[in-house]
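Asker: Structure below; questions to follow.
Protein chains: 4
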Amino acid sequence: MQQAHLEQGDFFMGNFQIRTDLALEARESVSEADSELRGVRVEEYYKEEEDIQVTKVFIDTKNAAKIMGKPIGTYVTIEAPALVEPDEDYHKEISDCLAEELLNMIPDAEKEQSVLVVGLGNRDVTADALGPRVVDNLFITRHVVRAYGKAAYNCTKMNLVSSIEPGVMAKTGMETAEIVQGVVEETKPDVLIVIDALAARSTKRLNRTIQITNTGIQPGSGVGNHRNALTEETLGIPVIAIGVPTVVDAATIVGDALEKLLGDDKEFDTFKYMGQHRTAFSELNNMYMTGKDIDAVIKRVSFTVSEGINIAMERSME
Amino acid sequence: MQQAHLEQGDFFMGNFQIRTDLALEARESVSEADSELRGVRVEEYYKEEEDIQVTKVFIDTKNAAKIMGKPIGTYVTIEAPALVEPDEDYHKEISDCLAEELLNMIPDAEKEQSVLVVGLGNRDVTADALGPRVVDNLFITRHVVRAYGKAAYNCTKMNLVSSIEPGVMAKTGMETAEIVQGVVEETKPDVLIVIDALAARSTKRLNRTIQITNTGIQPGSGVGNHRNALTEETLGIPVIAIGVPTVVDAATIVGDALEKLLGDDKEFDTFKYMGQHRTAFSELNNMYMTGKDIDAVIKRVSFTVSEGINIAMERSME
Amino acid sequence: MQQAHLEQGDFFMGNFQIRTDLALEARESVSEADSELRGVRVEEYYKEEEDIQVTKVFIDTKNAAKIMGKPIGTYVTIEAPALVEPDEDYHKEISDCLAEELLNMIPDAEKEQSVLVVGLGNRDVTADALGPRVVDNLFITRHVVRAYGKAAYNCTKMNLVSSIEPGVMAKTGMETAEIVQGVVEETKPDVLIVIDALAARSTKRLNRTIQITNTGIQPGSGVGNHRNALTEETLGIPVIAIGVPTVVDAATIVGDALEKLLGDDKEFDTFKYMGQHRTAFSELNNMYMTGKDIDAVIKRVSFTVSEGINIAMERSME
Amino acid sequence: MQQAHLEQGDFFMGNFQIRTDLALEARESVSEADSELRGVRVEEYYKEEEDIQVTKVFIDTKNAAKIMGKPIGTYVTIEAPALVEPDEDYHKEISDCLAEELLNMIPDAEKEQSVLVVGLGNRDVTADALGPRVVDNLFITRHVVRAYGKAAYNCTKMNLVSSIEPGVMAKTGMETAEIVQGVVEETKPDVLIVIDALAARSTKRLNRTIQITNTGIQPGSGVGNHRNALTEETLGIPVIAIGVPTVVDAATIVGDALEKLLGDDKEFDTFKYMGQHRTAFSELNNMYMTGKDIDAVIKRVSFTVSEGINIAMERSME
């Protein structure tokens, strides 16, 4: 996940501000007065049969981006409670929905393209293994088409799909962005898809929500550390990030519990308090909270996501 | 870890009582008035050069066991801050200390014995992989001695070491205790050593503390679920449990944060409050908190523990 | 695979006799004169649409068992060339066929049963990982039914499925049979299903053949080492073994090449020659030969096999 | 290993020529008449106490390169029979020897350098996992020095070590050389060290031999496919390859067995015969042969190799 890749403290030295990688949650946490804020539009639809809720948040202006703490761009959230449950077909209905929204976001998706999928995260930490595991199940075609032509797949139109698992900085000694930049320059894909585990604000969204955004990956929400960004600006090609929240920050959960406890006391600002007393709460830095069945969940969710990408790559050629 | 193996709710449906697998912490959390309670003795020593603190808690009476929430028996805690740090020799000084205290606890350790080491936990969940990973690095001898005699190792005295990784119930459909019981009856070891990841109360003990106890494993601290116990009583042979805390319960951490916040208000009992409002805090059930570098830490700590066992098995034959 | 679990030399010190775990191949290698031998019956059918060939070899007499080098019993071989190729549905047609033949072999398959599936082999050696990987994908129900009743699955009839991955002797210090025997005695399943990687005689059967037999596992084809057997005789319940050949023995492949080279010279008995000159060929001991894409193949084949078992368990309840 | 990464047939469509990645074996297989061939020099020394034989083959001329089937350059082979055996210190004496010879080969090794270590191969195929596993155990420093300066390590001189595991083409859709080239251009290391599993001609060198060469990696010994090369010529920086033979080609082993069988018949050229009858032997393509305890061996050998690199990186700063 984005934090887990970072050096210690990069993220959490702050004042325990509310932390979420989901635009949907950022939207919710903006106070009511701001809720009709200019520059943010929301669209949504619900698929009843599949029990899938799709919410699209469009952040259109710099000012809105600042208030939301997220860059300008489109954020599509697929909420599918079924995602955490076992299913014989690996939730093909969710993969289909993901494929559709992914195609909506890829520019000129109907044209033949070269697509590089980057699986961020650490394979050896269960909650951070989403990226590597999604990449494991992709249908990779670039090398075959380059060697044998599209005839190898009996078709005249074919996306070239490649993938890389760059690993985490503690193991490589390199910024993820350095590795991806190098590979992009060398292999010149048309589009980048980046997969990453996310942090949610609420446990109720864990492992059952997929976010797709065309803003790429901006660790720390643009707070410094631009070397790490994987964005259209830094890489020169569209960058679409797909993420699933698998953890909740410890500080967030403690803050939420405090809020509940002191809920009636409107004067009291919990997160400000925690920021002011950050030494007392310092043990929460670099800790995260995750569910006890995370291994089975990650296995299933990563399969559903990789199937979604596989379907999108194939469907765009129809 | 013990909770992670259990069905959802087994443990946490309680009233958010303070939860720790460390007798040392249970001792600390008993209020001052009780602190000289009869039936609990404490011994300790400090190895200055190695910065290793060893504390032995002896629970001698039923009453003390009840107050402490831990069964009658001996609990040795090795606190070694260095354990979380990389080291060229994998902290041989800690392995040596563990070996010594382990030999103190094995009855008739100087005699040739057949020792079965059980690696509890889930290899696929990083924070719960301690048991399986310790077992990976053991020096296994039973099959060789049985096939070729002790001559195979050029010695006249030799422990027979075997090991098993029973897996978690969600994968096997069987209680761990059923599997271990069956293997014990069939292979008749003299002693059982059980390795498991633990939950600590405080993040400051995470991954740097080793607990050795002759009380075996009693999920839920004996609160029901006796089928799951791995103890001398259920198995008929001495059972020594070695554990390292790798997680902190979410509920505990929230409770601690509340305590800090409301520290001056002696009237307010945080954990009682949480218990009373358990619906509000229900999202904390089945969540745990762990450090972000857990993969590297588990790799190193499990090596140090397995080396400790290897050294003990060899040294007892000198 | 059966050989890989064994101590060095258990198997290969012989005189380089033809080595195959497939009854089908044993049948083929019996010379023509013997081919109408009494006590061996063969039945077969071909599913044209799915390109699946099913051959059933029945060994009915002790004499036939001796000539074939296989115990008395039924051996069903499913040959499905598609098995080595990627498929969106993981070759459901092959899983279905496996399910059907498995149900034919389980006594009283239509009754509710407790079924223990044993995944033999070494997860860390790709070609030997079939058993552990099949077990990874099973639908395990025993613990749920025992805890919550069949109502948990909204049904009135339900098999209790459990599984174990006993590991290899070099890691456990115990015979596989000791572990399985213990678990069987403790959990009392009605039927045992054992999964194992096999050795084939011919590379053309690698990874595309599934053998199902009611003779269980008899390492070394009953040549000594009875402690290791997993059979109805040793365990007291029906034992059905499912295997897929993933390797070819080095000695066999060399022998075959020599045969080709010297094919016209009917006087020359290659394998006898190799047996007589076994020192010269000793480097072939403890070596095996496998394909270069073994990782992808094992991943797919193990999924197809586990789906076959899942389907059988569910279908028998209809 | 180099073959395993390649498309099917890249390598083996030949006429079953003798295949070895070891210059030492190429040297041996050159017939006696050529053995004093100009342009090839051999130096050797033996460390009696450690039982380590070091042989250096210098190929100095184009002609010699052609006869040997290996590019111009230096090839150091460390033969250490102990490497296959367990050892408490992970064979530190072999790591030391590797460190020394590696430093001899790195230009200006005494100067501070930025070193990128590339772990080639497939983590999921045991015999091909050497590269990824060596990289797992390296002491990575680049990111720390860049973020905090050398002061982080309390020293004034420090190599910057980084690493990457590029994965295999079937998983990435990219040539290894594309990925490495991109990362080299982006991160500008001074030296590249490439780790790979090798194929040996003889089983007696399996897993107990380490080859270090300054010629980099040239799949197919320069026979076409230059895109794949990782050499000073293609990358612009010195490329040192470290390899350990973990497999023997099936075709080679069959050829050797035939030679033994027909040893007296000097007229008969086995490998030429196999080439001529390549259809008959085609099943040997894409097969390799490996030992049955390959998992334990790879685990140990990769640790010894990574320790050798760690020692070299540290020692060069003394």
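Chains as they are written, first to last, in the working numbering: chain A, 1455 to 1772; chain B, 1455 to 1772; chain C, 1455 to 1772; chain D, 1455 to 1772.
Just so you know, even glycine gets a beta-carbon here, dropped at the ideal spot from N, CA and C.
Model, not experiment: these values are computed from the prediction.
Any contact of the stretch 1748-1764 of chain C with the stretch 1577-1595 of chain C, i.e. 3+ C-beta pairs under 8 Å?
Answerer: Yes: the two stretches touch, three or more of their Cβ pairs being nearer than 8 Å.
Asker: Looking at the unbroken alpha helix (DSSP H) that takes in Tyr-1602/B, where does it start and where does it end?
Answerer: 1596-1602 is the span of the alpha helix (DSSP H), which, as asked, contains Tyr-1602/B.
Asker: Report the residue from Tyr-1499/C, Leu-1592/C and Ala-1477/C whose alpha carbon sits nearest the alpha carbon of Val-1511/C.
Answerer: When only C-alpha atoms are compared, the closest one is Ala-1477/C.
Asker: Between Val-1677/B and chain A, is there a C-beta pair that is closer than 8 Å?
Answerer: Because the pLDDT of Val-1677/B is 31, which lies under 50, any placement of that residue in the model is unreliable, and the number read from its coordinates should be weighed accordingly. So, not an interface residue.
Asker: So that I know if they touch, is there some Cβ in chain A lying closer than 8 Å to that of Gly-1745/B?
Answerer: Interface residue, yes.
Asker: With a threshold of 16 other CB atoms inside 10 Å of the CB of Ala-1581/D, please say whether the residue is buried or exposed.
Answerer: It is buried - the Cβ of Ala-1581/D has at least 16 other Cβ atoms within 10 Å.
Asker: Any idea if Gly-1603/B is buried or exposed, counting beta-carbon neighbours within 10 angstroms, 16 or more meaning buried?
Answerer: Gly-1603/B should be labelled exposed.
Asker: Between the stretch 1533-1544 of chain C and the stretch 1607-1619 of chain C, do at least 3 Cβ pairs fall closer than 8 Å?
Answerer: No, because fewer than three Cβ pairs between the stretch 1533-1544 of chain C and the stretch 1607-1619 of chain C fall closer than 8 Å, the two stretches do not touch.
Asker: Please check the pair Gly-1762/D and Leu-1556/D, which I expect to be a contact at CB under 8 Å, by giving their CB distance rounded to whole angstroms.
Answerer: About 7 Å separates the two Cβ atoms, so the contact holds.
Asker: Under DSSP, the beta strand (DSSP E) around Asp-1650/D begins and ends at which residues?
Answerer: Unbroken beta strand (DSSP E) run through Asp-1650/D: 1645-1654.
Asker: What alpha helix (DSSP H) runs, 4 residues minimum, are completely inside the stretch 1553-1638 of chain C?
Answerer: Within the stretch 1553-1638 of chain C, the complete alpha helix (DSSP H) runs of at least 4 residues are 1584-1590, 1596-1602 and 1623-1626.
Asker: Just the Cα atoms here: how many angstroms apart are Leu-1684/B and Ala-1695/B?
Answerer: If you take the alpha carbons of Leu-1684/B and Ala-1695/B, they lie about 9 Å apart.
Asker: Look up Gly-1745/A in the DSSP assignment and say whether it is helix, strand or coil.
Answerer: In this structure, Gly-1745/A counts as strand in the three-state DSSP scheme.
Asker: Please look up how many angstroms separate the CB atoms of Ile-1633/C and Pro-1643/C, rounded, as I've assumed it's under 8 Å.
Answerer: Actually they do not touch by this definition, with Cβ atoms about 14 Å apart.
Asker: In its own chain, which residues sit with a C-beta less than 6 Å from the C-beta of Gln-1507/D, not counting the 5 before and 5 after it?
Answerer: So the qualifying residues of the chain are Tyr-1500 and Glu-1533.
Asker: With 16 as the cutoff for other CB atoms within 10 Å, does Pro-1692/A come out buried or exposed?
Answerer: Answer is buried; the Cβ neighbour count reaches 16.
Asker: So, for Gly-1678/B: in the same chain, excluding its five sequence neighbours on each side, which residues have a beta-carbon less than 8 Å away from its beta-carbon?
Answerer: In this prediction, Gly-1678/B has a pLDDT of 33, which is less than 50 and means its spatial position is unreliable; what the coordinates show is noted afterwards. Nothing meets the Cβ criterion.
Asker: Compute the distance between the beta-carbons of Leu-1552/A and Ser-1617/A, then report whether it is under 8 Å.
Answerer: No, the Cβ-Cβ distance between Leu-1552/A and Ser-1617/A is not below 8 Å.
Asker: Alpha carbon to alpha carbon, what distance is there between Val-1599/B and Gly-1709/B?
Answerer: Their backbone Cα atoms lie some 52 Å apart in a straight line.
Asker: Does Ala-1711/B come out as helix, strand or coil in the three-state DSSP assignment?
Answerer: Of the three classes helix, strand and coil, the one that applies to Ala-1711/B here is helix, per DSSP.
Asker: Ala-1624/C touches chain B at which residues, Cβ-Cβ below 8 Å?
Answerer: Those are Ile-1594 and His-1597, listed as they occur along chain B.
Asker: Where does the unbroken alpha helix (DSSP H) through Thr-1688/A begin, and where does it stop?
Answerer: That run of the alpha helix (DSSP H) goes 1686-1689.
Asker: With a Cβ-Cβ cutoff of 8 Å, do Val-1579/C and Ala-1653/C count as a contact?
Answerer: Not in contact: Val-1579/C and Ala-1653/C (Cβ atoms no closer than 8 Å).
Asker: Taking Cβ positions only, does Ile-1707/D come closer than 8 Å to chain C?
Answerer: Chain C, which has a Cβ nearer than 8 Å to the Cβ of Ile-1707/D, makes this yes.
Asker: Who are Lys-1510/A's beta bridge partners in DSSP?
Answerer: Paired residue(s): Glu-1497/A and Val-1530/A.
Asker: If I follow the unbroken alpha helix (DSSP H) through Ala-1519/D, where does it start and stop?
Answerer: Note, Ala-1519/D: alpha helix (DSSP H), 1516-1522.
Asker: Helix, strand or coil: how does DSSP classify Thr-1706/A here?
Answerer: Correct three-state label for Thr-1706/A: helix.
Asker: Report all residues from its chain with a CB closer than 6 Å to the CB of Ser-1656/C; omit the five preceding and five following residues, and keep chain order.
Answerer: Excluding positions up to five away in sequence, the list is empty.
Asker: Which class does Ala-1695/D belong to by DSSP, given the choice of helix, strand or coil?
Answerer: Strand at Ala-1695/D.
Asker: Straight-line CA distance for Asn-1576/A to Val-1622/A?
Answerer: Approximately 6 Å, taken between the alpha carbons.
Asker: Output yes if chain D places a C-beta closer than 8 Å to the C-beta of Ser-1617/A; else output no.
Answerer: So yes, Ser-1617/A belongs to the interface.
Asker: Going by beta carbon distance, what residues of the same chain come within less than 6 Å of Thr-1669/D, once the five residues before and after it are set aside?
Answerer: Within the same chain, Thr-1669/D has close Cβ partners Pro-1525 and Gly-1527.
Asker: Quick test of your reading: Thr-1595/D and Val-1615/D, contact by CB under 8 Å. State the CB separation rounded to the nearest angstrom.
Answerer: Going by Cβ atoms, the distance from Thr-1595/D to Val-1615/D rounds to 5 Å, so yes, they are a contact pair.
Asker: Can you give the beta carbon distance from Val-1698/A to Thr-1667/A, rounded, assuming they're within the 8 Å contact cut?
Answerer: Their Cβ separation, rounded to whole angstroms, is 13 Å, which puts Val-1698/A and Thr-1667/A out of contact at 8 Å.
Asker: If you run the structure through DSSP and keep just helix, strand and coil, what is Thr-1641/C?
Answerer: Three-state result, Thr-1641/C: helix.
Asker: Just to confirm the assignment, what range does the beta strand (DSSP E) spanning Gln-1665/B have?
Answerer: 1663-1667 is the span of the beta strand (DSSP E), which, as asked, contains Gln-1665/B.
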